[in-house]
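What follows is one structure encoded as structure tokens, with my remarks underneath.
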Amino acid sequence: MSARPRPAWLPPPDGSRDLRVEDPTNLWVVHLAGRMLLPLALKARISANLVSVAGLAVGTGAALAYLGWRDPAFATLGFLLTIAWLVFDGLDGMVARATGTASALGRFLDGLCDHGVFLILYLALGASIDTPQAWITGTIAGLVHGVQANLFESERARYHRRVRGDPGGEAPPPSPNAVMRAYDRLAGSLDRLAGRFDRALAAAPDRRHFAAAYAGRAAPALKLLNLLNANARIIVLFAACLAGDPMLFWWWTLGPLTLVTAAGLVWHRRIEARLAADQGVPHSSCRT
782 MSARPRPAWL
792 PPPDGSRDLR
802 VEDPTNLWVV
812 HLAGRMLLPL
822 ALKARISANL
832 VSVAGLAVGT
842 GAALAYLGWR
852 DPAFATLGFL
862 LTIAWLVFDG
872 LDGMVARATG
882 TASALGRFLD
892 GLCDHGVFLI
902 LYLALGASID
912 TPQAWITGTI
922 AGLVHGVQAN
932 LFESERARYH
942 RRVRGDPGGE
952 APPPSPNAVM
962 RAYDRLAGSL
972 DRLAGRFDRA
982 LAAAPDRRHF
992 AAAYAGRAAP
1002 ALKLLNLLNA
1012 NARIIVLFAA
1022 CLAGDPMLFW
1032 WWTLGPLTLV
1042 TAAGLVWHRR
1052 IEARLAADQG
1062 VPHSSCRT
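Residue numbers (the numbering used here): 782 to 1069.
Rendered as structure tokens:
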């Protein structure tokens, strides 16, 4: 008897994502579209890095469209192009995993293109408003956005690693590239606080059981942090433009999203602390 075909809406069984913390817009729109495009990309032998660069080009087109955000048609075009960028952003990882070409350089390039698209969007909005207040607010919001996004990605990566029962290992050697070193340093800024749980996971008699308990408790905190992802941001940006004031998007970043970041990180650390305490791992066991 032949195996029942895998539903198209499910992610590939590569362990890259956990549906419990997956953003619905990724599940039903972005990654679904990416999986539909994956066979074409593989057939054309398009590299993951080329997909990342193509995404940056599409994102640049979105920024150019948002220059005319006062016209709803241009704002809508910008929104649709940002959705296309998100599809490319997910597709590059799919191609890398399918071809076994994932690398530190590819991860950095993917992050650089992600941040690059928002940088260009911020510049386009600043140029379209062109007031001192807009430039100052946009610059501060952009810096805060970068920190929020980096912390979110590190929390998400940490969660998925642990769900697989992987407590992590020694940190890889520093990159010779100064920009990559800075990026990795920021992404790992919470490792010391999170290290207590990783040590507990490493010492657990049954890592799979302990990881499952962690996943069930930590999933709500990670779902809250999904508000920091690019999907939610482009929706708020589009809504702000339709409302006639793109600066509302920046104030959303500076205010509510900062509170979400703090709440999600504290919530996640408390869950880790309770589970580590149940395993009898003291605070002094944190990694340094």
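For glycine and all other residues, C-beta sits at the position ideal for the given N, C-alpha and C.
Next item on the list: Could you round the C-beta distance between L902 and A844 to whole angstroms and report it? I think they count as a contact, below 8 Å.
Entry: In this structure L902 touches A844 by the C-beta definition: roughly 5 Å separates them, less than 8 Å.
Note to self: What residue range does the alpha helix (DSSP H) around L1023 cover?
What the structure shows: 1011–1023
Note to self: DSSP three-state label for A1000, please.
What the structure shows: A1000 falls in the helix class under three-state DSSP.
Check: D870: buried (16+ other C-beta within 10 angstroms of its C-beta) or exposed?
Finding: D870 should be labelled buried.
Checklist line | Under 8 Å between C-beta atoms of L837 and C894 | finding: yes
Next item on the list: Could you tell me whether the Cβ of I1015 comes closer than 8 Å to any Cβ of chain D?
Entry: You won't find chain D in this structure, because it holds only one protein chain.
Check: Would you report the Cα separation of L1008 and D804, rounded to the nearest angstrom?
Finding: 9 Å
Margin query: Would A996 and V944 be called neighbours here (beta carbons separated by less than 8 Å)?
Written below: yes
Note to self: By the three-class DSSP mapping on this structure, what secondary structure does Q929 have?
What the structure shows: helix
Checklist line | Three-way DSSP call (helix, strand, coil) for W850 in this model | finding: Residue state, collapsed to three classes: coil.
Next item on the list: Could you have a look at T1069 and say whether DSSP puts it in helix, strand or coil?
Entry: Residue placement at T1069 is poorly supported in this model, since its pLDDT is 36, which falls under 50; the coordinates still yield a value, given next. In this structure, T1069 counts as coil in the three-state DSSP scheme.
Next item on the list: Evaluate L862 with the Cβ neighbour count: other Cβ atoms within 10 Å of its Cβ, from every protein chain shown; 16 or more gives buried, anything less gives exposed.
Entry: Flag for L862 reads buried.
Item checked: Span separating the alpha-carbon of G907 from that of W850 -> 12 Å
Notebook entry, point to check: For F855, which residues from the same chain have a beta carbon less than 8 Å from its beta carbon, with the 5 sequence-adjacent residues on both sides left out?
Noted result: A846, Y847, L848, G849
Notebook entry, point to check: Buried or exposed: where does W1031 fall if 16 or more other Cβ atoms within 10 Å of its Cβ makes it buried?
Noted result: buried
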